[in-house]
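Novice:
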Amino acid sequence: DDGEPYVQAACHGGPAMLRCLRRLGCPWAPDGSTLTRALVELINDPYKSRERVQRMLSWLLDQGCPVDWDALEATAWLIKDQGADKIPAGAAEAAGPR
Numbered sequence: 004d005d006g007e008p009y010v011q012a013a014c015h016g017g018p019a020m021l022r023c024l025r026r027l028g029c030p031w032a033p034d035g036s037t038l039t040r041a042l043v044e045l046i047n048d049p050y051k052s053r054e055r056v057q058r059m060l061s062w063l064l065d066q067g068c069p070v071d072w073d074a075l076e077a078t079a080w081l082i083k084d085q086g087a088d089k090i091p092a093g094a095a096e097a098a099g100p101r
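Quick note on numbering: the sequence shown equals residues 4 to 101 in our numbering.
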């Protein structure tokens, strides 16, 4: 119930795996951190294209993934200011719900 299966599927799987998780009823993180963690993981992977990042994040949003917009914005600013490779794995959790 922390949304981690969606984060991993967005980064290492794809739309088919994400759809399967939804059909199985896997929960999102209730605090809205699933999308933020997916952003960090996708951006940190140098082999992911912008198109794939956009497609995976759009899919999560379209399916109703809850979002902590403040944490997402803070993480996006960190990525812009410091670079994706400088964002620690726990950054999404550290930003926390507001």
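C-beta atoms are modelled at their ideal positions from N, C-alpha and C, and glycine is treated no differently.
1) Applying the criterion that 16 or more other CB atoms from any shown protein chain within 10 Å of the CB defines a buried residue, is residue 26 buried or exposed?
2) What number of angstroms, rounded off, separates the C-alpha of residue 52 from the C-alpha of residue 16?
3) State the DSSP-derived secondary structure class of residue 49, mapped to helix, strand or coil.
4) Quick check for students: name the residue ranges of the alpha helix (DSSP H) that lie wholly in the segment 28-89, counting only runs of 4 or more.
5) Alpha carbon to alpha carbon, how far is residue 69 from residue 50?
6) For residue 6 and residue 77, what's the separation of their Cα atoms in angstroms?
7) Express the C-alpha separation of residue 56 and residue 22 in angstroms, rounding to a whole number.
Specialist: So, to answer that:
1) By the 10 Å Cβ count, residue 26 comes out exposed.
2) Straight-line Cα distance between these residues: approximately 14 Å.
3) Looking at residue 49 - three-state DSSP - the assignment turns out to be coil, as it is neither helix nor strand.
4) Considered as a whole, the segment 28-89 harbours 36-47, 53-65 and 72-85 as its complete alpha helix (DSSP H) runs of no fewer than 4 residues, in chain order.
5) Approximately 26 Å between the Cα atoms of the pair.
6) Rounded to the nearest angstrom, the two C-alpha atoms are 20 Å apart.
7) Distance between the alpha carbons of residue 22 and residue 56: 16 Å.
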